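Chains as they are written, first to last, in the numbering used here: chain F, 2 to 317; chain H, 2 to 317; chain C, 2 to 317.
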């Protein structure tokens, strides 16, 4: 089967989506990330792997947090990093997306990290760059956010070891979440036997079961005996929309409290991609509690992004 | 006495305020800065002291100039620098200040340089960062601007040598000035026998005498026989407010002209934190004249910020 | 003759304009750029020439593309780069241009790359910086854009070799184009025997012939037997102004199509400074066709900017 993110030798050439990414590639990334985590703990955060390489952060959709993590990761790999928020820029001057890409490529880009509001934009770019230029999807529309899913897998492996014995619940607005989609693909690829999605009907995609997940509409029921709880961020713009009555109402039914978390396994971990809406999808005592691994996720996220970029563009 | 900016060994751990900072620490910073000034003059502006370290410039209040000086200083120390203007960012997404800080910390931050409109914000941050992470106050509300005061002290020492024989006047809007507050603490700590503040009643804090200064409302009187004149910037937003009749009126009474400066000692130096309002608080012939040390202040400011960051986070 | 961009030894001290720049200096820059092009092809994009130097990108007029090319070029020379978009910044605080410059100089700037909406601003700056500080004009008003012209000359030399046998046409809005002005000076200085300008009367400066060019109002006529076609970008703000009926109308008369290009020499090259308005000044089949050297221009642009900065501020 053709996979746009692998080269003809089956090696990772772009990171666009978790869907269809072989488990071996995911494990390769997690293993490399582990090296960087270990390194950072021993006070040498920096490696010369991408020295002399030019990484372009192309954020067509604003996200300071994600952009910053990629910027840090690239700098720790010793790359030259150029971050562009592309709104007021060339596209405003009427230049097409591909003209922008070809121009940056001509400037000597080795890698594009792309965040775009349109699903599929990073694929379009990957199809048009020349050999030796790599694309990383940093979130496209409602489609995919592969580095987020990979850092989540790293976190789960770190705390739980074996994927094949786990029960994992993803809670909240699955419908609009590229994060959830990528997580589901990663979890099933890595052999998690039971992936649950929990949310109101209005926030679950129709036919989500086909992705290999069990659907719950009741949070208490869905949390029972799970090893991992992944909370999703409720987008502000949804909160007062037609799909949801109010943030308070959402919290009442789907907000994670300590009392509800007690239904999960005693050693369950709680994850969140951040930034959190405290008191909306998650209660502060849970966010800051003993089960929370939300801050380690951030730390692992840098290492995972270093691993992805290092594998894609590192010198042999 | 507990001092939040020193560690248990009495070493500088954060730089938050000049108030309560022992003279020995101030001198340590000035001495280190002198090394960097000497180095830069000999054409090697860069040292590897913070190589591999990550410095985050967190500017919750916009200030291109101050941000730039810290960015340059950090780069000259070979740190990786990430500058964030935090308005449109996470806090807009509803994340709390401390969540933002903890996230950046989890990304591997070694230092936060914080500018914030609220007095005390850098203290709050310093109280919550983990060991090994350092905070530098780059100006908080009306409270403090310690690196500005330190570069002013460097400048005075450079031109005048001994602090214990000096008469120093600070002129202008003392009331709203974090710079003035930090300068007063620095000058008195270093043993300046006479610190004067000069300004209209509406722009002097009540009870300012308790800080150990002499109050003057008449500029001519206040300037008489001083060694150092420190002009403050008049904030634009004050100019047409209730506290001041007009910029012209202010200049007439409190603007520094050559004729008024002639009342000071013949070898008096004139300082200003910049950016200047020429024709408001200072007349151009004075700003560009023989007594002005305003541009050397800027040069020394880089060295002083390098010194602070190097002392806080430099490798042993 | 006094030339503000040369030092007393006749060496390049600033790059402000092509007008009056001796051919030998242009060739020196192109030759140096050739070294960087060759280097980059051999996978070492980075040189330590400006290591420890501080380059300030001062963009008083927004241009992500040009700023990015200078930023990349400076980083490939290992300089520390600070990019400032100066609108919201100091000048908004009432600081004068020269105060800003003197302040940045005091911070240890070695070079200013200046884009400004006012013609002559980089000259003003160059006149006031201290010895050892260099200024590069990155586009000033309608006056000059020397690095663009130099990269165009590099491109022409790359594809055509000898300047002294060429017929070159510049097409479009000559009147408002600093690019055209700099190109004309470069081409005539390098000995191109026939430079043509092609455009409607409303978009040609009066007396343009005095620059040593032949004027055409008819595109077909002007393109006949030329070796090089340089298309100019039509500024959006002109499109619906008094000088032009509409973008469609402009394309009909002055847009470069394959059919019109066939009138030029069979091996003619097509250039464009970018970003292109496809379907306005240039048709997509031409932009992406076999004659187009528009993307190589971008690649050469990095090398040329590295050459300029390296020659100006490189260590001896």
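Every residue, glycine too, gets a C-beta built ideally from N, C-alpha and C.
Keep in mind that this is a model prediction, so the values were computed, not measured.
In the DSSP assignment, residue 32 of chain H falls within the alpha helix (DSSP H) that extends over 24-42. Under the 8 angstroms criterion on CB atoms, residue 73 of chain F is classed as interfacial with respect to chain H.
Of the candidates C/79, C/96 and C/293, the residue whose Cα lies closest to the Cα of residue 262 of chain C is C/293.
Per DSSP, the beta-bridge partners of residue 216 of chain F are F/198.
No residue range can be given for residue 10 of chain C, since it is assigned to no beta strand (DSSP E) and is classified by DSSP as neither H nor E.
Beta-bridge partners assigned by DSSP to residue 116 of chain C: C/60. Under the Cβ criterion (8 angstroms, minimum of three pairs), the stretch 36-47 of chain C counts as touching the stretch 44-60 of chain F. Among the residues facing chain F, residue 109 of chain H is included, as its CB has a counterpart in that chain under 8 angstroms away.
Its Cα nearest to that of residue 304 of chain F, the residue F/73 stands out among F/176, F/273, F/157 and F/73.
Spatial neighbours of residue 108 of chain C in its own chain (CB-CB distance under 6 angstroms, excluding positions within 5 residues in sequence) are not present. Sequence-distant Cβ neighbours of residue 83 of chain H in its own chain, meaning closer than 6 angstroms and more than five residues away, are 57. In the DSSP annotation of this structure, the continuous segment of the alpha helix (DSSP H) that includes residue 125 of chain H starts and ends at 122-129.
In the displayed model, residue 139 of chain F falls within a strand according to three-state DSSP. Listed by position along chain F, the residues whose Cβ is nearer than 7 angstroms to that of residue 103 of chain H are 296. Among the residues facing chain C, residue 121 of chain F is not included, as its CB has no counterpart in that chain under 8 angstroms away. Contact between residue 173 of chain F and residue 282 of chain F holds: CB atoms are separated by about 5 angstroms, below the 8 angstroms threshold.
The Cβ atoms of residue 287 of chain C and residue 257 of chain C sit closer than 8 angstroms to each other. Beta-bridge partners of residue 81 of chain H (DSSP): H/55. Contact of residue 55 of chain F with chain C by beta-carbon distance below 9 angstroms involves 46, 73, 76 and 77. Taking each of C/134, C/150, C/182 and C/235 in turn and checking the Cα distance to residue 198 of chain C, the smallest one comes out for C/182.
Annotation: the continuous beta strand (DSSP E) that includes residue 232 of chain C extends over 229-232. Comparing alpha carbon positions, the residue from H/277, H/301 and H/233 closest to residue 98 of chain C is H/277.
When Cβ-Cβ separations below 8 angstroms define contact, residue 286 of chain H makes no contact with chain C.
Annotation: residue 295 of chain H to residue 271 of chain H spans about 7 angstroms, alpha carbon to alpha carbon. About 34 angstroms separates the Cβ atoms of residue 78 of chain H and residue 290 of chain H, ruling out a contact at the 8 angstroms cut-off.
According to the DSSP assignment, residue 157 of chain F belongs to the alpha helix (DSSP H) that extends over 147-161. When DSSP states are grouped into helix, strand and coil, residue 16 of chain C belongs to the strand group. Under DSSP, the beta-bridge partners assigned to residue 172 of chain C are C/199 and C/232. Taken through DSSP and simplified to helix, strand or coil, residue 86 of chain H comes out as strand. DSSP places residue 102 of chain C in no beta strand (DSSP E) but in the uninterrupted alpha helix (DSSP H) bounded by 98-107.
The shortest C-alpha to C-alpha distance from residue 163 of chain H to any of H/39, H/28 and H/34 is the one to H/28. Straight-line spacing of the CA atoms in residue 227 of chain C and residue 31 of chain C works out to 23 angstroms. The alpha-carbon of residue 75 of chain H is positioned some 20 angstroms away from that of residue 62 of chain H. Counting only residues of its own chain and dropping the five nearest sequence neighbours on each side, residue 154 of chain H has a CB closer than 7 angstroms to the CB of 27, 31, 187 and 191.
In terms of beta-carbon proximity, residue 80 of chain C stays away from the interface with chain F, with every pair separated by 8 angstroms or more. In the same chain as residue 231 of chain F, and ignoring 5 residues on each side of it, the C-beta atoms closer than 6 angstroms to its own belong to 171 and 272, in chain order.
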